[in-house]
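Chemist: Take this structure first; my questions come after.
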Amino acid sequence: MIKWTKRLLVLTLVLGLFTCLKPIQIDLPSLDEGITISAYLSTKKGFQEVRIQRLAPFTNNGLNYPIKQAEVWITDNLGQRQDFREDPIKEGIYLPRNADYVGEPGKTYVLHITTSDQREIESSPQTLRAVPPIKKVYSEEIIVENSRLGKVVNGFNVMLDVDDPPSEGDYYRWNWLHYEQLDFCAQFDDFPAGGVTQYKTLVGLRCCQPCWGIVPCFSNCANVLSDALSNGKTISRHRISRIPYCPKDYYIEIQQRSISREAYDYWRTIDQLTTNNGSLFDTAPAAVRGNLKCVSDPAQAVYGLFEVSDFEEDGFFIIRTNTSKPGLYTCEPKPLPAVSSACVTCEESAYRTQIKPRFWNR
27 MIKWTKRLLV LTLVLGLFTC LKPIQIDLPS LDEGITISAY LSTKKGFQEV
77 RIQRLAPFTN NGLNYPIKQA EVWITDNLGQ RQDFREDPIK EGIYLPRNAD
127 YVGEPGKTYV LHITTSDQRE IESSPQTLRA VPPIKKVYSE EIIVENSRLG
177 KVVNGFNVML DVDDPPSEGD YYRWNWLHYE QLDFCAQFDD FPAGGVTQYK
227 TLVGLRCCQP CWGIVPCFSN CANVLSDALS NGKTISRHRI SRIPYCPKDY
277 YIEIQQRSIS REAYDYWRTI DQLTTNNGSL FDTAPAAVRG NLKCVSDPAQ
327 AVYGLFEVSD FEEDGFFIIR TNTSKPGLYT CEPKPLPAVS SACVTCEESA
377 YRTQIKPRFW NR
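Residue 133 in the working numbering sits at position 107 of the sequence shown, with consecutive numbering throughout.
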């Protein structure tokens with residue numbers, strides 16, 4: 027009897043706890059069903075694109091739907107018009123009907139969009155300014171104190187110099203890509219060729235063609251600068267990226283663009299949001315207004331940017347073998363050759379290419 031009484035008492039206490047619990051209602055910041063646009067016009071062929079999406083009602087989930095069957099065109103200050111067509115494969119992406127269409131320094135451009143439900147969107151006029159060439163790209167060791175090894179090199183800063191023109195109000199944006207020539211186009215766990223080990227380990231199948239892996243910018247990607255404090259002078263030691271130490275050469279291609287003041291403000295906001303993002307209550311980076319508005323319905327929220335830019339590129343090999351201090355090894359494991367002599371085709375994608383990088387001189 028006492029045993030059952032104790033059990034009943036425990037059950038009563040548990041049920042009592044649950045009846046005391048109340049659901050917490052949290053008002054999270056949410057985005058309306060806005061339209062987000064990512065549009066680029068540059069002086070480099072093949073770098074013109076307009077991406078149109080609709081934001082679903084969400085809170086920090088980043089869910090967008092492509093907007094299809096829109097009418098898209100760009101006009102310039104001379105009255106010329108370039109129409110865009112929807113990509114037949116990628117929904118919501120529009121490309122110029124003339125594949126050779128590029129922007130020209132000195133011209134002013136306006137982006138026009140009419141959606142299938144007759145919402146009319148326009149950008150503010152954007153003047154394309156010439157960008158100076160990259161003067162110099164170089165790297166510097168990052169030396170840190172290690173409790174066991176003393177001073178060691180654990181990475182490199184990639185930096186550049188550029189001579190800013192005497193004109194005032196120049197704004198820059200940088201991006202980068204890393205290319206690495208691949209020995210293997212497929213990796214898996216198996217026994218390696220030649221009986222190197224009796225245990226399964228990471229092995230690879232060689233590429234059938236010369237192949238390069240592509241690593242897009244993953245840090246410091248909203249990298250912008252105003253010449254307000256350096257007008258007409260050399261912009262020096264501007265950091266582009268930080269790369270880890272590994273005793274093999276590292277190839278990086280840097281893109282330098284001229285941008286407008288509005289684009290500069292937009293990317294700075296993106297950088298601040300990206301840096302601070304991580305809290306449940308942070309605003310999603312997509313909710314940034316740029317230089318676009320809905321002229322047919324001012325209440326319609328439009329996010330994103332129409333960026334016009336001149337374009338300069340340079341490639342650079344970073345020699346990571348001869349360092350002034352011991353290196354703190356951070357290489358990814360390299361596969362051993364597989365038993366099979368089969369090869370794997372290097373398929374073109376955003377992360378792999380058979381095309382030799384433009385500045386690859388080896």
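Note that CB positions come from ideal geometry on N, CA and C, so glycine has one too.
Which runs of the beta strand (DSSP E) at least 3 residues long sit entirely within the stretch 100-131? Give them in chain order.
Modeler: Taking only runs of at least 3 residues, the beta strand (DSSP E) segments lying wholly in the stretch 100-131 are 107-112 and 119-122.
Chemist: What's the C-alpha gap between Glu59 and Ile147?
Modeler: Residue 59 sits at position 33 when you count from the first residue of the sequence shown. Residue 147 sits at position 121 when you count from the first residue of the sequence shown. Taking the straight line joining both Cα atoms gives about 15 Å.
Chemist: So which of Ser173, Tyr91 and Gln380 has the shortest CA-CA distance to Cys233?
Modeler: Here residue 233 refers to the residue found at position 207 of the sequence shown. Among Ser173, Tyr91 and Gln380, the Cα nearest to that of Cys233 belongs to Gln380.
Chemist: With 16 other CB atoms within 10 Å as the buried threshold, where does Val76 fall?
Modeler: The count along the sequence shown starts at 1 and reaches residue 76 at position 50. Under this definition Val76 is a buried residue.
Chemist: So, Pro131 versus Ala156, is the Cβ gap smaller than 7 Å?
Modeler: Translated into the one-based positions of the sequence shown, residue 131 becomes position 105. Translated into the one-based positions of the sequence shown, residue 156 becomes position 130. Closer than 7 Å, so yes.
Chemist: Checking 7 Å against the spacing of the C-beta atoms, do Arg199 and Ile285 come in under that value?
Modeler: As a position in the sequence shown, residue 199 is number 173, starting the count at 1. As a position in the sequence shown, residue 285 is number 259, starting the count at 1. Yes, the pair counts as a contact, with Cβ atoms nearer than the cut-off.
Chemist: Using DSSP's beta-bridge definition, name the partner residues of Val179.
Modeler: As a working mapping, residue 179 is identified with position 153 in the sequence shown. In DSSP, Val179 forms a bridge with Ile169 and Gly353.
Chemist: Going by DSSP, name the residue or residues bridged to Gly139.
Modeler: Here residue 139 corresponds to residue number 113 of the sequence shown, with the count starting at 1. It should be noted that the sequence gives Ile, not Gly, for residue 139. Bridge partners of Ile139: Val98 and Ile147.
Chemist: Apart from the five residues just before and just after Val222, which ones in its own chain have a Cβ nearer than 8 Å to its Cβ?
Modeler: Translated into the one-based positions of the sequence shown, residue 222 becomes position 196. The answer, listed in chain order, is Leu362.
Chemist: Could you tell me how far apart the beta carbons of Cys320 and Arg145 are, in whole angstroms, since I believe they sit closer than 8 Å?
Modeler: The residue you call residue 320 lines up with position 294 of the sequence shown. The residue you call residue 145 lines up with position 119 of the sequence shown. About 6 Å; that satisfies the 8 Å criterion.
Chemist: Where does Arg294 sit, in a helix, a strand or coil, going by DSSP?
Modeler: Locating residue 294 in the sequence shown gives position 268, where the first residue counts as 1. Three-state DSSP puts Arg294 in a helix.
Chemist: Would DSSP call Gly60 helix, strand or coil?
Modeler: Locating residue 60 in the sequence shown gives position 34, counting from the first residue. Of the three classes helix, strand and coil, the one that applies to Gly60 here is coil, per DSSP.
Chemist: Drop a sphere of 10 angstroms on the beta-carbon of Ala23, count the other beta-carbons inside from all chains shown, and report buried for 16 or more, exposed for fewer.
Modeler: An answer regarding residue 23 cannot be provided, because it is not within the stretch 27 to 388 covered by the chain.
Chemist: Is DSSP giving Thr85 helix, strand or coil here?
Modeler: Counting from one through the sequence shown, the residue named residue 85 turns up at place 59. Note that Thr85 scores a pLDDT of 47, beneath 50, so its modelled location is shaky and nothing firm can be said.
Chemist: Using CA atoms only, rank isn't needed, just tell me which of Ile115, His138 and Val179 is closest to Lys351.
Modeler: Numbered from 1 along the sequence shown, position 325 holds the residue referred to as residue 351. Per the Cα distances, Val179.
Chemist: Under the three-state reduction of DSSP, which class applies to Arg394: helix, strand or coil?
Modeler: Because the chain is modelled from 27 through 388, residue 394 falls outside the range shown and cannot be assessed.
Chemist: Whose C-alpha, out of Pro273, Asp323, Thr300 and Arg287, is nearest the C-alpha of Ala248?
Modeler: Residue numbering aside, residue 248 sits at position 222 when the sequence shown is read from its first letter. That would be Thr300, whose Cα lies nearest to the Cα of Ala248.
Chemist: Distance check for Pro92 and Leu121, CA to CA, integer angstroms please.
Modeler: The residue labelled residue 121 in the question sits at position 95 within the sequence shown. The residue labelled residue 92 in the question sits at position 66 within the sequence shown. One C-alpha to the other measures close to 15 Å.
Chemist: Taking the DSSP output, what are the residues bridged to Asn348?
Modeler: Within the sequence shown, the letter at position 322 stands for residue 348. Bridge partners of Asn348: none, in fact.
Chemist: With DSSP collapsed to three states, give me the class of Ala248.
Modeler: As a position in the sequence shown, residue 248 is number 222, starting the count at 1. In this structure, Ala248 counts as coil in the three-state DSSP scheme.
Chemist: Less than 8 Å between C-beta atoms, sequence neighbours within five positions excluded: which residues of the same chain meet that for Asn317?
Modeler: Position 291 of the sequence shown holds residue 317. So the list reads Ser149, Ser150, Gln152, Ser286, Glu288, Ala289, Tyr292, Leu331 and Phe332, once near-sequence residues are dropped.
Chemist: Can you give me the C-alpha to C-alpha distance between Ala327 and Ile119, rounded to a whole angstrom?
Modeler: Locating residue 327 in the sequence shown gives position 301, counting from the first residue. Locating residue 119 in the sequence shown gives position 93, counting from the first residue. Going from the Cα of Ala327 to the Cα of Ile119 covers about 20 Å.
Chemist: Below 8 Å on the Cβ atoms is my guess for Glu338 versus Ile160; work out the distance and round it to an integer in Å.
Modeler: Here residue 338 refers to the residue found at position 312 when the sequence shown is read from its first residue. Here residue 160 refers to the residue found at position 134 when the sequence shown is read from its first residue. Indeed they touch by this definition, with Cβ atoms about 6 Å apart.
Chemist: Looking at the structure shown, is Ala65 part of a helix, part of a strand, or coil, going by DSSP?
Modeler: The residue you call residue 65 lines up with position 39 of the sequence shown. Strand.
Chemist: Pull up the CB-CB distance for Gly181 and Pro270, whole angstroms please, since I reckon it's below 8 Å.
Modeler: By 1-based counting over the sequence shown, the position of residue 181 is 155. By 1-based counting over the sequence shown, the position of residue 270 is 244. Contact holds; Cβ gap of about 5 Å.
Chemist: Compare the beta carbon distance of Leu81 and Gly129 with 7 Å and say whether it is the shorter of the two.
Modeler: Numbered from its first residue, the sequence shown carries residue 81 at position 55. Numbered from its first residue, the sequence shown carries residue 129 at position 103. Against a cut-off of 7 Å, the Cβ pair of Gly129 and Leu81 comes out as no contact.
Chemist: Just tell me which of Leu137, Lys94 and Ser366 has its CA closest to the CA of Phe214.
Modeler: Reading the sequence shown from its first residue, position 188 is the one you call residue 214. Cα-wise, what sits closest to Phe214 is Ser366.
Chemist: Report all residues from its chain with a CB closer than 6 Å to the CB of Gln108; omit the five preceding and five following residues, and keep chain order.
Modeler: Here residue 108 is taken as the residue at index 82 of the sequence shown, counted from 1. So the qualifying residues of the chain are Ile100, Pro122 and Tyr127.
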